[in-house]
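Participant: The sequence shown begins at 60 in my numbering and counts up by one.
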Amino acid sequence: MNLDKLKAMLQEAHKATEIAHEDFSKISAVHRAALQIIEFEKELYYGDSSSGRHLQKIKEIIDINVEDIINEIN
Numbered sequence: 060m061n062l063d064k065l066k067a068m069l070q071e072a073h074k075a076t077e078i079a080h081e082d083f084s085k086i087s088a089v090h091r092a093a094l095q096i097i098e099f100e101k102e103l104y105y106g107d108s109s110s111g112r113h114l115q116k117i118k119e120i121i122d123i124n125v126e127d128i129i130n131e132i133n
């Protein structure tokens with residue numbers, strides 16, 4: 060397998076992942092919050108960013124989505 064073919068395959072996988080994330084986030088507010096937390100964790104693990112406020116950031120994500128979550132439950 061050459062490099063161009065591998066790159067094309069990875070781009071297709073990336074597009075499919077983005078579509079799956081979009082569909083997943085539309086299921087409910089809980090799913091949307093979970094996806095945001097997963098993305099944050101991925102950035103911490105694989106990215107250059109680091110956060111001393113790790114738990115605070117997760118709390119902020121939940122706080123942003125809490126009203127929608129409660130509305131869906133009721």
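Each residue gets a CB set at the ideal place from its N, CA and C atoms; glycine is no exception. As the structure is a computational prediction, the values presented were derived from the model and not from experiment.
Can we count Ile96 as close to the ligand ZN, meaning its CB is less than 6 Å from some heavy atom?
Facilitator: Of the ligands one can find in the structure shown there are none, so the ligand ZN has no counterpart to examine.
Participant: Going by DSSP, what residue range makes up the alpha helix (DSSP H) through Lys66?
Facilitator: Segment 62-84, the alpha helix (DSSP H) holding Lys66.
Participant: Measure the alpha-carbon distance for Leu62 versus His113 and round it to whole angstroms.
Facilitator: So the two alpha carbons sit approximately 37 Å from each other.
Participant: Can you give the Cα-Cα distance for Leu69 and Ala79, rounded to whole angstroms?
Facilitator: Cα to Cα, Leu69 sits roughly 15 Å from Ala79.
Participant: Going straight from the alpha carbon of Ala67 to that of Gly106, what length do you get?
Facilitator: Roughly 22 Å separates the two Cα atoms.
Participant: Out of Asn130, Ile132, Asp122, Asn133, which one is the CA nearest neighbour of Ala92?
Facilitator: Comparing Cα-Cα distances from Ala92 to each of Asn130, Ile132, Asp122, Asn133, the minimum goes to Asp122.
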